[in-house]
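Undergrad: Next up is a structure, given as structure tokens.
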Amino acid sequence: MRPRRGGGLRRAAALAAVAALAVVPVVVAVEVASATGYVLPVDSLGLEPAAGNLTDGFCESTVGTCTLRAAIEEANALKGAPGDVTITVHPSFAGGVIPLDNAVGTRMLTTSPSSGATVTGDAGAYLVVTQPVTIDLGHRIKLQDAAPTTAESASAAVFYLNGPDITVRGVDDTYSSQTTFYVGPQATRVSITDGSVTTPNTDAKRFLVVRGGASNVTLRGYQVSGYGSLGTAADAPTQGWVMVDGATVSPVMDLLVDGNTFTVATPGARCDTSTAAGCTAPAVNFNSAVGQQATRFTFSNNVVRGLNQRGENWHAGIDMGRAKLTDTVISGNTFEDCQMSGADASALIEMNTHSTSSMAVIDGIRIDHNAFSGLRTAVEGGINSGVIRFPGIGGRSRASRRWSTTTSRPARASSGRRRSRGCRPGALPPR
Ligand SMILES: [Ca+2]
Ligand SMILES: [Ca+2]
């Protein structure tokens, strides 16, 4: 039986529907939700575009189903107020995997979103979100490269989020041959939460790209493993987990990465591009070009696990080595079982590079209550690397700086914002 599509009722109609159908529990759940606006319940694993009236709040693709693409196109056309439009998985739909390939017709965006940026691999995007919407796939629908072992078999970003008040949650194991979540320059109040992704190999290049101009972007509650691995630390990187790109002119404002787990698949294995085992990348990387800017970047309550254990390429846990950052907070994180080179390679919290012409410019940073466990160095007595490395002498004249650093986590666990009890030569603004 084809699942019922119960979405898109206006408030009054929704209330009437509740009264009329209250004896059917599943239907009640859908219709009550629609009382706050529109609910667009996906009941298909296709990528057919929307058909018919795009602003009646009724999700309908060219083949009569409600595809995720059709639901997003309807949401974009509705231009609802924040919280008004929700895309869910229909309660009686089994869910599954939406296969992604290189057929251009399956993409909402067929040109690269990378203009003005450095990471240029995304040839478009399968799904483009430009207006307020909550997309909650409830861990039931995934989008995946249909030929994961074939290079560049799905060469577009999966989600291009480029508008206001967009929440995406419950999206597991979603990847193409390029970027999973690409947050564009028009993005504001965008939240990506509550999911888990492990890629089958390194053909999936990046988990998240945040472009300059984006503001109030939150990544929270994700477990991330796999994806591409960088070459040497000095390379201009195009692969990894969270990357800031194209912010050399307009900064990223208020980027919050909180409560996530970034894990190297099979730590200690030789980096195997066919499985992503052992491949390492920074959890957050501002290194796509010199001078990527962010104002109020916060990296808090995350776990970063298993970096550099093989010692092939040395990567920072957070690579700010060539960025320009204002009022940064790195707090409450745990770095587990990571290895440092002991030689002149990346520190776990890196604000330096091998070049004085491109090291970080840091104006206000608080680093506190982070824990480092299972830490190793490859070279006993190595003195040039470290847990935290600040910009060197060559960068000292380039900006005023306010340091605030402690490296121990308090014995008493606490939630919410933690305040440094260590040296705070310059107070940072309240967050
Ligand atoms: Ca419609
Ligand atoms: Ca592939």
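Here the sequence shown is numbered in the working numbering, starting from 48 and rising by one per residue. From the three backbone atoms N, C-alpha and C, an ideal C-beta is built for every residue, glycine too. Keep in mind it's a predicted model, so treat the numbers as computed, not measured.
1. Any heavy atom of ligand 1 inside 8 angstroms of the beta-carbon of Glu95?
2. Which parts of the segment 307 to 389 are runs of the beta strand (DSSP E), unbroken and 3 residues or longer, counting only runs that do not cross its ends?
3. If you run the structure through DSSP and keep just helix, strand and coil, what is Ala251?
4. By alpha-carbon positions, which one of Cys106, Ile182, Met300, Gln339 ends up nearest to Ile213?
5. Given Asn149, which residues of its chain have a CB within under 7 angstroms of its CB, disregarding the five upstream and five downstream residues?
6. Check whether the Cβ atoms of Ala193 and Leu147 sit closer than 9 angstroms, and answer yes or no.
7. At the level of alpha carbons, what is the spacing between Ile435 and Thr345?
8. From the DSSP output, in three-state form, read off Val434 for me.
9. So, with DSSP's three-state summary, where would you put Arg258?
10. To the nearest angstrom, report how far apart Asp410 and Arg369 are at their CA atoms.
11. Within its chain, find whatever has a CB closer than 7 angstroms to the CB of Pro476; leave out the 5 residues flanking it on each side and keep chain order.
12. Does the Cβ of Ala194 lie closer than 8 angstroms to at least one heavy atom of ligand 2?
13. If you draw a straight line from the C-alpha of Thr400 to the C-alpha of Ile239, how long is it?
14. According to DSSP, Ser404 sits in a beta bridge with which residue or residues?
15. Run through DSSP, which three-state label would Glu120 get?
16. Give me the Cα-Cα distance between Gln386 and Leu354, rounded to the nearest whole angstrom.
17. Skipping 5 residues on each side, what residues in its chain have a beta carbon closer than 6 angstroms to that of Gly379?
18. Ile188: which of Gly287, Val176, Asp301, Arg116 sits nearest, CA to CA?
19. With DSSP collapsed to three states, give me the class of Val205.
20. Relative to ligand 2, is the shortest distance from any of its heavy atoms to the C-beta of Ser262 smaller than 8 angstroms?
21. I'd like the list of long-range same chain contacts for Thr313, defined as Cβ closer than 7 angstroms, with 5 residues on each side in sequence excluded.
22. Could you give the distance in angstroms between the alpha-carbon of Ser321 and the alpha-carbon of Val311?
23. Fully enclosed by the segment 125 to 157, which beta strand (DSSP E) runs are 3 residues long or longer?
24. Can you give the Cα-Cα distance for Ala283 and Ser276, rounded to whole angstroms?
25. DSSP has Val289 in a bridge; who is on the other side?
26. Output needed for Gln356: all residues of its chain with C-beta closer than 6 angstroms, excluding positions within five of it in sequence on either side, in chain order.
27. Using DSSP's beta-bridge definition, name the partner residues of Leu190.
28. Helix or strand or just coil, what does DSSP make of Leu266?
29. Just the C-alpha distance for Phe437 and Gln225, rounded to the nearest angstrom, thanks.
30. Terminal residues of the continuous beta strand (DSSP E) containing Thr235?
31. For a test of the three-state rule: what should DSSP assign to Leu115, helix, strand or coil?
32. Going by beta carbon distance, what residues of the same chain come within less than 6 angstroms of Val215, once the five residues before and after it are set aside?
33. Spatial neighbours of Gly364 within its chain, please: CB distance less than 7 angstroms, with the 5 preceding and 5 following residues excluded, ordered by chain position.
34. Among Val176, Thr177, Gly142, which one has its Cα closest to the Cα of Leu190?
TA: With the given structure in hand:
1. Translated into the one-based positions of the sequence shown, residue 95 becomes position 48. Short note on Glu95: C-beta not closer than 8 angstroms to any heavy atom of ligand 1.
2. Runs found: 308 to 310, 340 to 347, 350 to 352, 371 to 378, 381 to 383.
3. Counting from 1 along the sequence shown, the entry for residue 251 is found at position 204. In the three-state DSSP reduction, Ala251 falls in the coil class, being neither helix nor strand.
4. Locating residue 213 in the sequence shown gives position 166, counting from the first residue. For the residues Cys106, Ile182, Met300, Gln339, the minimum Cα distance to Ile213 belongs to Ile182.
5. Taking the sequence shown and counting its residues from 1, one reaches residue 149 at position 102. Sequence-distant partners of Asn149 (beyond 5 residues in either direction) whose C-beta falls short of 7 angstroms from its own C-beta, in its chain, are Ser200, Ala201, Ser202.
6. Counted from its first residue, the sequence shown places residue 193 at position 146. Counted from its first residue, the sequence shown places residue 147 at position 100. Judged by beta-carbon spacing, Leu147 lies within the 9 angstroms limit of Ala193, meaning their Cβ atoms are closer than that value.
7. By 1-based counting over the sequence shown, the position of residue 435 is 388. By 1-based counting over the sequence shown, the position of residue 345 is 298. Rounded to whole angstroms, Ile435 to Thr345 spans 16 angstroms at the Cα level.
8. Taking the sequence shown and counting its residues from 1, the one referred to as residue 434 is at position 387. Of the three classes helix, strand and coil, the one that applies to Val434 here is coil, per DSSP.
9. As a position in the sequence shown, residue 258 is number 211, starting the count at 1. Arg258: strand per DSSP, three-state reduction.
10. Counting from 1 along the sequence shown, the entry for residue 410 is found at position 363. Counting from 1 along the sequence shown, the entry for residue 369 is found at position 322. Cα to Cα, the separation comes out at about 13 angstroms.
11. Residue numbering aside, residue 476 sits at position 429 when the sequence shown is read from its first letter. Note that Pro476 scores 46 on pLDDT, short of 50, meaning its location in the model is unreliable; the coordinates nonetheless yield the value given after this. In chain order, Asp374 place their CB closer than 7 angstroms to the CB of Pro476, counting only its own chain and leaving out the 5 sequence neighbours on each side.
12. Stepping through the sequence shown from its first residue, residue 194 is reached at position 147. True, at least one ligand heavy atom lies under 8 angstroms from that Cβ.
13. The residue labelled residue 400 in the question sits at position 353 within the sequence shown. The residue labelled residue 239 in the question sits at position 192 within the sequence shown. Computed Cα separation, rounded: 30 angstroms.
14. The residue labelled residue 404 in the question sits at position 357 within the sequence shown. Ser404 is not bridged to any residue.
15. On the sequence shown, residue 120 is found 73 positions in, with the first residue counted as 1. Residue state, collapsed to three classes: helix.
16. Along the sequence shown, read from residue 1 onward, the residue named residue 386 stands at position 339. Along the sequence shown, read from residue 1 onward, the residue named residue 354 stands at position 307. In a straight line, the C-alpha of Gln386 is about 6 angstroms away from that of Leu354.
17. The residue you call residue 379 lines up with position 332 of the sequence shown. Contacts found: Ser347, Asn348, His416, Arg465.
18. Numbered from 1 along the sequence shown, position 141 holds the residue referred to as residue 188. Of Gly287, Val176, Asp301, Arg116, the residue nearest in Cα terms is Arg116.
19. Within the sequence shown, numbered from 1, the residue matching residue 205 stands at position 158. Strand.
20. Counting from 1 along the sequence shown, the entry for residue 262 is found at position 215. Incorrect: Ser262 has no Cβ contact closer than 8 angstroms to ligand 2.
21. Your numbering for residue 313 matches position 266 in the sequence shown. Setting aside the 5 residues that flank it on each side, Thr313 is surrounded in the same chain by Ala324, Gly325, each with a C-beta closer than 7 angstroms to its C-beta; the list follows chain order.
22. Start at 1 with the first residue of the sequence shown, and residue 321 comes out as number 274. Start at 1 with the first residue of the sequence shown, and residue 311 comes out as number 264. Using only the alpha carbons, I get a separation of about 14 angstroms.
23. Secondary structure within the segment 125 to 157: the beta strand (DSSP E) runs of 3 or more consecutive residues, fully enclosed, are 132 to 136, 143 to 147 (chain order).
24. Reading the sequence shown from its first residue, position 236 is the one you call residue 283. Reading the sequence shown from its first residue, position 229 is the one you call residue 276. Per-residue confidence for Ala283 stands at a pLDDT of 47, beneath the threshold of 50, marking its modelled position as unreliable; the derived number appears in the next sentence. The straight-line gap from Cα to Cα measures roughly 12 angstroms.
25. To locate residue 289, count along the sequence shown from 1; it is residue 242. Looking at the DSSP output, Val289 shares a beta bridge with Leu255, Val331.
26. By one-based count along the sequence shown, residue 356 stands at place 309. Closer than 6 angstroms at the Cβ level, and outside the excluded window around Gln356, lie Pro314, Gly315, Gln386.
27. Indexing the sequence shown from 1 puts residue 190 at position 143. Its beta-bridge partners are Ile145.
28. Taking the first residue of the sequence shown as 1, we reach residue 266 at position 219. It is a strand residue.
29. Within the sequence shown, residue 437 is the residue found at index 390, counting from 1. Within the sequence shown, residue 225 is the residue found at index 178, counting from 1. Distance from the CA of Phe437 to the CA of Gln225, rounded to the nearest whole angstrom, comes to 32 angstroms.
30. Indexing the sequence shown from 1 puts residue 235 at position 188. Thr235 -> beta strand (DSSP E) spans 235 to 245.
31. If you number the sequence shown from 1, residue 115 lands on position 68. Helix.
32. Position 168 of the sequence shown, counting from 1, holds the residue named residue 215. Once the five neighbours on either side are set aside, the close Cβ partners of Val215 are Ile182, Ile239.
33. As a position in the sequence shown, residue 364 is number 317, starting the count at 1. In its chain, beyond the 5 residues on either side, Pro329, Ala330, Val351, Leu354, Phe382, Cys385, Leu395, Ile396 have a beta carbon closer than 7 angstroms to the beta carbon of Gly364.
34. As a position in the sequence shown, residue 190 is number 143, starting the count at 1. The shortest CA-to-CA distance from Leu190 to any of Val176, Thr177, Gly142 is the one to Gly142.
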